Structures are given as C-alpha cells and as structure tokens.
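Below is one structure; the comments refer to it alone.
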Amino acid sequence: MPTVVIDGIPYVPRADIPELTDDRLNEALKQLVTMQYLKQTHKAVAQAWNVLDTLAPELAELAATDPKAAYDRMHPNGD
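Going by numbering that gives the first Met the number 0, the first residue of the sequence shown is number 0, and it counts up by one from there.
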C-alpha cells in the first residue's frame, strides 16, 4: 500500500470503532463461543472477521480490503 504523508504526518485510513453496546457485545460473544464449541479451526479467520464486523464494521471492512492499514490503525506506534 502506498504511504501518504500530509505535512510530515503519515496518513492512516480512518476506521471508526463505535461505542460497544450490549447487543453487539452479546453477538460477538456468541460468535466466539461458537468458534470454541465447534472447533472449526479451518474457518477461524472468517469467523474472527465476523466478530470484528460485529464490533467495528468500518475496521472489519478496512481489514478485508487492506489488512496492513487495519493493523497500522490498531497499532499506531508499532506496538
């Protein structure tokens, strides 16, 4: 992915993380418990994406289209 620098500051695509609601948290927990119960390790990446999409749809979309940008968004200092 090309790097865009504006006034000396590297640009990272925006991906808002909405406030966590009980409904979204419960749905994410259901998906995680299902992953543990069914032990379908071959589906783990897709199932993890479903959880991410439940919690933060914009971040999930960014992760689907540009995983490095999503990683950088969540690890701005390389941590």
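We treat Cβ as the ideally placed atom computed from N, Cα and C, and that holds for glycine.
Because the structure is a prediction, the values reported are computed rather than measured.
Considering only DSSP beta bridges, list what residue i is partnered with.
i  : result
V4 : P9
So which of the options has the shortest CA-CA distance to residue i?
i   : options               : result
I16 : H74, A59, H41 and D78 : A59
Closer than 7 Å by C-beta to residue i: which residues in its own chain qualify, once you throw out the five before and the five after it? Chain order, please.
i   : result
L61 : P12, A14, A68, A69 and R72
Under 7 Å between the Cβ atoms of residue i and residue j?
i   : j   : result
D49 : Q30 : Per the sequence shown, the amino acid found at residue 49 is Asn instead of Asp. Against a cut-off of 7 Å, the Cβ pair of Q30 and N49 comes out as a contact.
T53 : E18 : no
Can you give me the Cβ contacts of residue i inside the same chain, cut-off strictly under 6 Å, excluding the 5 residues immediately before and after it?
i   : result
A55 : I16
Y10 : V3
Are at least three pairs of beta-carbons, each pair with one atom in the segment 1-9 and one in the segment 54-70, less than 8 Å apart?
At 8 Å Cβ cutoff, the stretches do not touch.
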